[in-house]
Structure formats: C-alpha cells, structure tokens
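These protein sequence lines are chains W and X, in that order.
By our numbering, the letter at position 3 of the first sequence is numbered 3, and the numbering carries on one by one without gaps.
For any residue, its number in our numbering is found by taking its place in the second sequence, counting from 1, and adding 146.
Note that beta-carbon positions come from the ideal geometry of N, C-alpha and C, so glycine has one too.
Note that this is a predicted model, so its numbers are computed, not measured.
2 protein chains.
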Amino acid sequence: MANIPDPSQNIQDIIRANKEYVRNFPPHDRDLPAAPSRGLLIVTCMDARFHPTSALGLALGSTHIVRNAGGSAEEAVRSIIVSQQALQTDEVLLIKHTDCGMYPLGWDIEQEVLRDVKLLKGHPGVSGDITGWIYDVRTGAIRRII
Amino acid sequence: MANIPDPSQNIQDIIRANKEYVRNFPPHDRDLPAAPSRGLLIVTCMDARFHPTSALGLALGSTHIVRNAGGSAEEAVRSIIVSQQALQTDEVLLIKHTDCGMYPLGWDIEQEVLRDVKLLKGHPGVSGDITGWIYDVRTGAIRRII
C-alpha cells in the first residue's frame with residue numbers, strides 16, 4: 001500500500017457509498033452476462049447532470065453506455081464496433097443534451113444530433129437501429145429527434 | 147415526424163421510464179450548474195454490469211463520467227482536458243473492472259490500471275489527483291490499486 005496516498009474526501013465518500021451498495025447487491029446481479037440483455041448501446045455526453053441509468057430506467061446488465069465530452073459519435077465508433085461485434089448489441093441511441101458546453105451558444109443542438117446520427121449510419125463498421133435524442137437538463141426529459 | 151420510424155420495444159420502455167423520471171424530478175435538480183459539484187471525473191468502461199452513479203453514490207450534478215470500451219485512458223484524454231480546463235474538475239478516478247472483454251484472458255487487469263494511470267499522470271494536458279481502481283462485476287465492490 002506504499003504507493004497509495006491518503007484518500008481525498010471524494011474517495012472517502014465513494015468508499016462509504018460503495019460498501020453500502022455491496023451490502024445491498026442483489027444475488028441475481030452476481031452472474032449477469034457481459035452481453036447487454038437489451039442489445040442496446042447508448043452514446044451520450046459526460047455531463048454531470050445526466051444519469052442515463054436513472055433517467056431511462058436501465059437495469060444493471062442491460063445496456064452499454066459510452067460517454068465523452070459532447071457525446072461525440074465519432075469518438076464512440078471504436079466502442080460501438082466492439083459492442084456490436086463482440087457483444088451483439090444492435091440498437092444505438094445517441095443522446096445529446098441542452099446547455100452543453102461543447103456546443104457554443106447559438107448552435108443548433110438538433111442539427112448536431114442529426115449530423116452525428118448520419119455519421120453513424122454512414123459508417124461501414126456500424127450497423128443496427130440508430131436513433132437521435134436530446135436530454136433536457138432542466139426537466140430530465142428526453143425528446144426524439146430522428 | 148415523417149423521418150421517425152416506429153419505436154422499438156427498447157424505445158417504448160425508455161420513454162415510459164423517462165416519463166416517470168420526469169414526474170419525480172426534484173425541483174432542486176432543475177438549476178444544477180454544468181460544473182460538477184465534487185470537482186470529480188470518472189473514467190470507466192461501457193460495461194453494462196457497472197452503474198457508476200449507483201455503485202459509487204454519485205449525486206446528480208456531482209461528477210463527469212467518461213465511458214468507452216475498456217475504460218481507455220488514452221481515448222478519454224480529450225474529455226478529461228475539457229472537464230479540467232472548462233469546468234474545473236481536479237480529481238480523476240480511473241476504474242477498470244473484472245471480466246472485461248477488452249482484456250484477453252490471462253491479462254493482469256491491475257497492470258492495465260497502473261499503465262493507464264501512468265499515461266494520465268505523464269500527459270502534459272492532464273493535471274489533478276489521479277487514482278486507479280478495479281470494480282468487481284460479481285460483487286459490486288471497488289478496490290483501489292494506486
């Protein structure tokens with residue numbers, strides 16, 4: 001443990017929360033397969049105001065979730081290909097959100113969703129159903145664009 | 147709506163779950179700032195068996211979460227830099243997990259965590275506290291490596 005410095009406040013809080021989580025970990029979650037049970041992958045932003053699992057009702061083991069600054073489809077392509085080819089997912093939801101710092105004021109976020117969905121649909125390595133959405137950080141609501 | 151095909155079963159389920167989520171969306175979550183309240187960013191895998199927000203007790207608005215196939219630090223660098231420079235996060239947890247399809251049987255996942263933490267610590271664009279962890283998909287427990 002010589003290389004491990006004292007835990008920060010964040011780490012102390014996380015360790016405490018995780019102990020509680022482990023205590024309540026349901027037995028049927030112990031043997032979930034790696035392949036997502038819903039055949040679903042979500043690409044979205046790293047934004048702190050969006051918890052996809054809560055907001056979209058995603059059970060443990062059901063869905064691959066890829067997140068990066070802006071919910072970039074281009075950066076997610078490697079992960080999508082791995083997910084589809086190695087773990088048989090066949091549906092992609094691309095979800096950007098309101099008030100995203102990656103898109104300057106005045107940019108049309110709907111256009112950015114359309115652009116990224118088009119990129120994925122045109123990518124030779126990506127297949128399956130691909131839809132595009134916007135999450136509203138002020139209401140928690142999602143809205144389908146395409 | 148002409149461009150929008152009939153919703154899949156996944157989409158019907160997600161829309162139903164999201165309606166419920168919106169109904170219960172707490173008023174104090176409507177005006178969360180974009181900057182994560184805990185100054186924290188987590189990099190982890192897209193694996194369906196890990197829900198970081200539940201497993202680590204992360205409140206809405208508290209933490210940036212970056213996810214990709216394997217929890218690649220290299221692929222996360224762009225997002226980390228955006229997070230640190232534009233939204234003032236100053237702590238990074240890199241979390242890989244047991245039974246990860248990105249690491250062939252026999253690979254030492256601890257070594258992969260150490261390698262990725264070293265990559266981030268040596269990156270000229272990345273700063274702050276950086277620690278490395280493993281999440282156990284069978285128990286829900288996290289363990290610190292460095």
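Interface partners of W:Ala-73 on chain X, CB under 7 Å: Residues of chain X passing the Cβ test: none, with the nearest at roughly 13 Å.
Positions along the stretch 49-74 of chain W whose CB lies within less than 7 Å of some CB in chain X: Arg-49, His-51, Thr-53, Ser-54, Ala-55, Leu-56, Gly-57, Leu-60, Gly-61, Ser-62, Thr-63, His-64, Ile-65, Val-66, Arg-67, Asn-68, Ala-69
Residue-chain proximity (X:Gly-286, chain W), Cβ-Cβ < 8 Å: yes
is_contact[X:Glu-237, chain W] using C-beta, thresh 8 Å: Output row for X:Glu-237: interface = yes.
CB-CB length for X:Leu-187 against X:Val-263, believed under 8 Å: Between X:Leu-187 and X:Val-263 a beta carbon distance of about 14 Å is seen, past the 8 Å cut, so the two are scored as non-contacting.
Length at least 4, wholly inside the stretch 215-256 of chain X: the alpha helix (DSSP H) runs in chain order: 219-233
Chain X contact for W:Thr-131 (CB, 8 Å cutoff): Contact with chain X is found for W:Thr-131, since one of that chain's Cβ atoms lies less than 8 Å from the residue's Cβ.
Rounded C-alpha distance that separates X:Ala-222 from X:Thr-244: 20 Å
Helix, strand or coil at X:Thr-190 [DSSP, three-state]: strand
W:Leu-105 classed as buried or exposed, judged by whether at least 16 other C-beta atoms fall within 10 angstroms: exposed
Cα-Cα separation, X:His-269 to X:Arg-162: 43 Å
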